[in-house]
């Protein structure tokens, strides 16, 4: 190897580092909040969450309990004056069984064409789901009652969804049936608002690819939730944000909404992972968590509704470092530049070897491809085991905590 080739190939990386240093831009300020915000009634919401869990302790997607709660939501939505109530019925599957699912929507008209989408899942794949999906449904109904009695600048669409545990099938159907999906400026997801133990992050940006949520929307949600929860609502450091860009995975409706091209944030009482099924009974519903979560949601919706200008887009991908944003493009440029020295050095070695021993050089290319076969075989084995049912193969997004690997999964990992 000629070390001069290797050293010279690092010059583009130095240029990329300089570009990275000069690409920092100030982080946006949160949007100004409303003049006044109604008080969120946490006691009534807690009572409603417990009644939903008592009405339908089992609410797997498409079940009798799921349908019963959908009827309850439809009844409560219909009692709100000035709103337009609609239903969406569609087919899906849950754990290999065909089921019929239903979305229930309430549209509160506004003066402008833009709209805000507020969603909550109704079904529960395991357990009674009292502090999670039942509390989310109760919070949605409480918010609908508060917002339905006031005038709005923007149209607010309140959606009670089924199919969250089947790859957010209900949400995909919702976005598909909306008359103007491009007119949705922001989507807000209600997640486990009634849990007893509160754990950050309380604000979760939607993730389904390398694109990031609007930094202004995220900053606004974080500022509001940090005040209500009395601690940092999203304490993710730069390295954590960078890892999320490298592997952009997420759970729940926030990830599904982002996959549909919408700007989405989730307000959660306790991070991304759901509590165990045995901790989701009616007695586990916390009024205190409902108050801070519901107040955060109400304040955020009213802030988004009353602003005069559209939400600035900001960088398509970024990492926040202190009070600055580092866009994603210089990171991509640096990554490509760091690959260049190895590629040039390898090419230089191969050309030198070809001049000295042409026959050996011809054999080296098949040799290199052979070394990729073990990794490729492992990848193909993983797909095959998924098709055979030896390892779970759920539609994305899903909660990994629902899937115990079991003996079959451990055996499949060893075989892979």
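Residue numbers (this note's numbering): 112 to 527. Every residue gets a Cβ at the ideal spot worked out from N, C-alpha and C, and that includes glycine.
According to the DSSP assignment, residue 211 belongs to the beta strand (DSSP E) that extends over 208-219.
For residue 435, the three-state secondary structure derived from DSSP is strand. Cβ-Cβ distances below 7 Å link residue 398 to 153, 154 and 157 in the same chain, with the five nearest sequence neighbours on each side left out; the list follows chain order. Under the three-state reduction of DSSP, residue 170 is assigned to strand.
Per DSSP, the unbroken beta strand (DSSP E) holding residue 231 starts and ends at 226-232. Around the beta carbon of residue 332, 16 or more other beta carbons sit within 10 angstroms, so the residue counts as buried.
Beta-carbon to beta-carbon, residue 175 and residue 185 are separated by about 15 Å, too far to satisfy the 8 Å threshold. Residue 297 sits in a strand when the DSSP states are folded into three classes. A distance below 6 Å between beta-carbons, with the five flanking residues on each side excluded, links residue 425 to the following residues of its chain, in chain order: 325 and 326.
A check of alpha carbon separations from residue 259 across 495, 482 and 413 identifies 413 as the nearest. Between residue 221 and residue 267, the gap from beta carbon to beta carbon is short of 8 Å. Taking a C-beta distance under 8 Å as the contact criterion, residue 254 and residue 409 qualify as a contact pair.
Taking the Cα positions, residue 504 is about 41 Å away from residue 456.
In the DSSP assignment, residue 316 falls within the unbroken beta strand (DSSP E) covering 314-316. Three or more Cβ pairs drawn from the segment 285-299 and the segment 225-245 lie within less than 8 Å of each other, which places the two stretches in contact. Per the coordinates, the alpha-carbon of residue 521 lies some 29 Å from the alpha-carbon of residue 480. According to the DSSP secondary-structure assignment, residue 198 is paired through a beta bridge with 215. For the pair residue 345 and residue 311, the Cα-to-Cα distance works out to about 6 Å.
Under the DSSP assignment, residue 487 falls in the alpha helix (DSSP H) whose first and last residues are 484-499. Taking a C-beta distance under 8 Å as the contact criterion, residue 251 and residue 231 qualify as a contact pair. Bridge partners of residue 450 according to DSSP: none are assigned. Using a 10 angstroms sphere on the CB of residue 357, the tally of other CB atoms stays under 16, which defines it as exposed. A Cβ-Cβ contact shorter than 8 Å links residue 445 with residue 127. For residue 132, the enclosing alpha helix (DSSP H) starts and ends at 122-132. DSSP, reduced to helix, strand and coil, places residue 270 within a strand of the structure shown. For secondary structure counted as the alpha helix (DSSP H) over 4 or more consecutive residues, the segment 303-343 holds these complete runs in sequence order: 326-340. Shown here for residue 361: same chain residues with a beta carbon closer than 7 Å to its own, the five before and five after excluded, namely 317, 318, 319 and 508 in chain order. Residue 378 has 301 and 314 as its beta-bridge partners, per DSSP.
Straight-line measurement puts the Cα of residue 381 at about 11 Å from the Cα of residue 340.
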